[in-house]
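Visitor: Before I ask anything, here is the structure I am working with.
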Amino acid sequence: MGISGLLPALRPIERSVNLYQYVGKTVAIDGHYILHRWAIDAAKKLALNKPTDSYETYSMDFMDLFKRHNIAPIVVFDGLQLPLKQGTSQVSHPCNRQEALKEGLTFYSNGESEKVKESFKKSVTITDDMIIDVLKELSAKKIQCIVAPNEADAQLTHLAKTGKVDAVITEDSELLAFGCPNIIYKINLYGQGTEITMDQVGLRTILNRYEQIKNTDRILYNLQYKYKKDIPRDYFEKFYRANLGFLHQWVYDIHEKNYVRLNPLPKECSDDDIKLLGKIPTVQDSAMFRFNEIIPKAKPKDNPLKEAITMEFLAYADSTKENIMKYTLK
């Protein structure tokens with residue numbers, strides 16, 4: 000989940016963090032991260048013939064971690080698939096899940112913990128019904144939850160960039176590409192984890208190069224020449240499309256209680272580009288969206304008195320204009 004090789008490359012700027020540093024604050028949590036944690040734990044126990052908790056119980060136990068640290072959580076789930084990415088997701092078939100389970104057991108016996116996680120995670124499918132069950136449990140516990148219009152990554156980034164939360168908890172490295180300012184990875188049951196903030200990520204080299212060249216295509220060609228790397232012919236188109244998805248998806252604003260763009264659309268954005276970014280979702284698309292409270296923008300109400308005064312003024316203006324014309328013609 001995320002961009003391959005990105006987190007290992009950023010290891011030099013990681014720093015240890017504990018949730019006690021966020022006492023009294025608010026954090027956003029990737030809901031699929033919680034369910035994938037359950038999936039890994041459940042798959043391992045089921046494979047070893049051990050009893051396992053339900054995903055609802057596991058999720059609520061995980062929420063207790065934040066309650067103990069006096070932290071207000073906001074849990075975010077994926078919504079509809081982004082049209083931009085349709086056709087790129089691999090469907091998880093039962094035979095693939097069985098293969099992933101067998102693979103995980105092999106890694107487990109060899110002590111390869113990271114590979115165990117990935118294999119066991121692939122062996123369990125997270126369904127909309129499971130998400131709705133967890134949403135109901137969260138709501139019953141008065142824990143705020145949001146279903147993103149499309150990708151949870153964009154929604155989590157919006158919450159962090161607009162100051163609605165102080166950090167985001169996930170295992171997905173793509174949040175860095177979305178521009179999420181503060182991310183906590185690898186949280187354990189003691190509240191210990193690893194933190195990466197955008198102010199630690201060195202952008203000086205790329206910014207200097209952009210200042211010199213001022214053109215993304217030329218920068219990519221320049222890098223290709225410098226590092227002797229081949230760039231596929233369709234790379235530029237894929238780059239711009241990916242950038243579109245990272246910057247301009249729909250998100251839900253908890254203060255506006257309505258859907259907004261993560262960042263405003265650029266003027267040069269075409270109708271075809273906009274279609275790739277999806278539409279504002281409704282409960283007809285999925286029952287999950289019932290958990291987002293929407294307040295439609297009020298329409299201006301008719302005001303009979305105001306309308307009568309306006310009509311009277313217009314009649315007076317016409318009468319005055321007519322009198323002036325008569326006086327001028329004399």
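Residue numbering for the sequence shown follows numbering that gives the first Met the number 0, starting at 0 and increasing by one per position.
Backbone N, C-alpha and C fix where the C-beta goes; we use that ideal spot for every residue, glycine too.
Remember, predicted model here, so these are calculated numbers, not experimental data.
Quick check for students: name the residue ranges of the beta strand (DSSP E) that lie wholly in the region 217-277, counting only runs of 3 or more.
Guide: Listed in chain order, they are 249-252 and 257-260.
Visitor: To the nearest angstrom, report how far apart Asn262 and Leu83 are at their CA atoms.
Guide: If you number the sequence shown from 1, residue 262 lands on position 263. If you number the sequence shown from 1, residue 83 lands on position 84. Each residue's alpha carbon lies about 17 Å from the other.
Visitor: Count Cβ pairs between the region 51-68 and the region 125-133 that sit closer than 8 Å; are there 3 or more?
Guide: Touching, per the Cβ criterion.
Visitor: Would you mind working out which of Ile253, Lys278, Asp271 and Leu276 sits nearest Asn291, comparing C-alpha positions?
Guide: Against the sequence shown, residue 291 aligns to sequence position 292. Comparing Cα positions, the closest option is Ile253.
Visitor: Taking C-alpha atoms, which residue in Asp272, Tyr251, Leu64 and Glu267 lies nearest to Ile293?
Guide: As a first step, residue 293 is located in the sequence shown; it is residue number 294 there, counting from the start. The candidate whose alpha carbon is nearest that of Ile293 is Tyr251.
Visitor: If I follow the unbroken beta strand (DSSP E) through Asp127, where does it start and stop?
Guide: Within the sequence shown, the letter at position 128 stands for residue 127. Note, Asp127: premise wrong, no beta strand (DSSP E); alpha helix (DSSP H) at Asp127 to Ala139.
Visitor: In terms of alpha-carbon separation, which member of Gly190, Ala159, Glu170 and Asp171 lies closest to Ile181?
Guide: Residue mapping note: residue 181 aligns to position 182 of the sequence shown, counting from 1. For the record, residue 181 in the displayed sequence is Asn; it is not Ile. Of the candidates Gly190, Ala159, Glu170 and Asp171, the one whose C-alpha sits nearest the C-alpha of Asn181 is Ala159.
Visitor: Can you confirm whether the region 164-176 touches the region 15-28 when touching is taken to mean that 3 or more C-beta pairs between the two stretches lie within less than 8 Å?
Guide: Enough Cβ pairs lie closer than 8 Å, so yes.
Visitor: Threshold first: 4 residues or longer. Then list the alpha helix (DSSP H) segments lying entirely within the region 6-60, N to C.
Guide: Runs found: 30-46.
Visitor: Leaving aside the five residues before and after Ile142 along the sequence, list all residues of the same chain whose C-beta is less than 7 Å from its C-beta, in chain order.
Guide: By 1-based counting over the sequence shown, the position of residue 142 is 143. So the qualifying residues of the chain are Met62, Pro72 and Val74.
Visitor: Between which residues of its own chain and Phe119 is the CB-CB distance below 6 Å, once the five residues before and five after are set aside?
Guide: Indexing the sequence shown from 1 puts residue 119 at position 120. Only Ile39, Ala42, Lys43 and Gly103 meet the Cβ criterion.
Visitor: Look up Tyr383 in the DSSP assignment and say whether it is helix, strand or coil.
Guide: Given a span of 0 to 329 for the chain in the structure shown, any question on residue 383 remains unanswerable.
Visitor: Give the DSSP bridge partners of Gln80, in chain order.
Guide: The residue given as residue 80 occupies position 81 in the sequence shown. DSSP lists no partner for Gln80.
Visitor: Please classify Gly110: does DSSP put it in a helix, a strand, or coil?
Guide: Sequence index remark: in the sequence shown, residue 110 carries index 111 (1-based). Coil at Gly110, not helix or strand.
Visitor: Anyone know if the C-beta pair for Arg36 and Ile195 falls short of 9 Å?
Guide: Within the sequence shown, the letter at position 37 stands for residue 36. Within the sequence shown, the letter at position 196 stands for residue 195. No, the pair does not count as a contact, with Cβ atoms beyond the cut-off.
Visitor: Could you check if Asn149 is buried or exposed, using at least 16 other CB atoms within 10 Å of its CB as the buried criterion?
Guide: Mapped onto the sequence shown, residue 149 falls at position 150. The residue is buried, with at least 16 neighbouring Cβ atoms inside 10 Å.
Visitor: Where DSSP assigns a beta bridge to Val123, which residues make up the other side?
Guide: The residue given as residue 123 occupies position 124 in the sequence shown. None; Val123 has no bridge partner.
Visitor: By a C-beta neighbour count over all protein chains shown, 10 Å radius and 16 as the cutoff for buried, is Leu188 buried or exposed?
Guide: As a working note, residue 188 is residue 189 in the sequence shown. Exposed, because fewer than 16 other Cβ atoms sit within 10 Å of the Cβ of Leu188.
Visitor: Could you check whether Leu81 and Leu246 sit closer than 9 Å to each other, using their CB atoms as the reference points?
Guide: If you number the sequence shown from 1, residue 246 lands on position 247. If you number the sequence shown from 1, residue 81 lands on position 82. No, the pair does not count as a contact, with Cβ atoms beyond the cut-off.
Visitor: What's the gap between the Cα of Leu18 and the Cα of Arg232?
Guide: Translated into positions along the sequence shown, residue 18 becomes position 19. Translated into positions along the sequence shown, residue 232 becomes position 233. Distance between the alpha carbons of Leu18 and Arg232 is about 46 Å.
Visitor: Based on Cα-Cα distance, which residue from Asp284, Asp152 and Ile145 lies nearest to Lys256?
Guide: Position 257 of the sequence shown holds residue 256. Here the closest residue by C-alpha is Ile145.
Visitor: Can you list, in chain order, the residues of its chain with a C-beta nearer than 6 Å to that of Lys114? Leave out the 5 residues immediately preceding and following it.
Guide: The sequence position of residue 114 within the sequence shown is 115, counting from 1. Around Lys114: Phe106.
Visitor: Let me know the secondary structure DSSP gives Val282 once reduced to three states.
Guide: In the sequence shown, residue 282 corresponds to position 283, counting from 1. Three-state DSSP puts Val282 in coil, outside helix and strand.
Visitor: Have a look at Asp272, Thr156 and Asn242 and flag the residue whose alpha-carbon is nearest the alpha-carbon of Asp77.
Guide: Locating residue 77 in the sequence shown gives position 78, counting from the first residue. Comparing Cα positions, the closest option is Thr156.
Visitor: Can you check whether the CB of Val22 is closer than 9 Å to the CB of Arg69?
Guide: Position 70 of the sequence shown, counted from the start, is the residue given in the question as residue 69. Position 23 of the sequence shown, counted from the start, is the residue given in the question as residue 22. This sequence places Asn at residue 69; Arg is not what is there. Contact: yes.
Visitor: Is it right to say Pro50 is buried, meaning 16 or more other beta carbons lie within 10 angstroms of its own, or is it exposed?
Guide: Residue numbering aside, residue 50 sits at position 51 when the sequence shown is read from its first letter. Burial call: exposed.
Visitor: With DSSP as the reference, label Gly192 as helix, strand or coil.
Guide: Position 193 of the sequence shown holds residue 192. Note: Gly192 maps to strand in three-state DSSP.
Visitor: Considering Cα atoms alone, identify which of Leu34, Arg240, Asn242 and Gly244 is closest to Asp52.
Guide: Locating residue 52 in the sequence shown gives position 53, counting from the first residue. Among Leu34, Arg240, Asn242 and Gly244, the Cα nearest to that of Asp52 is on Leu34.
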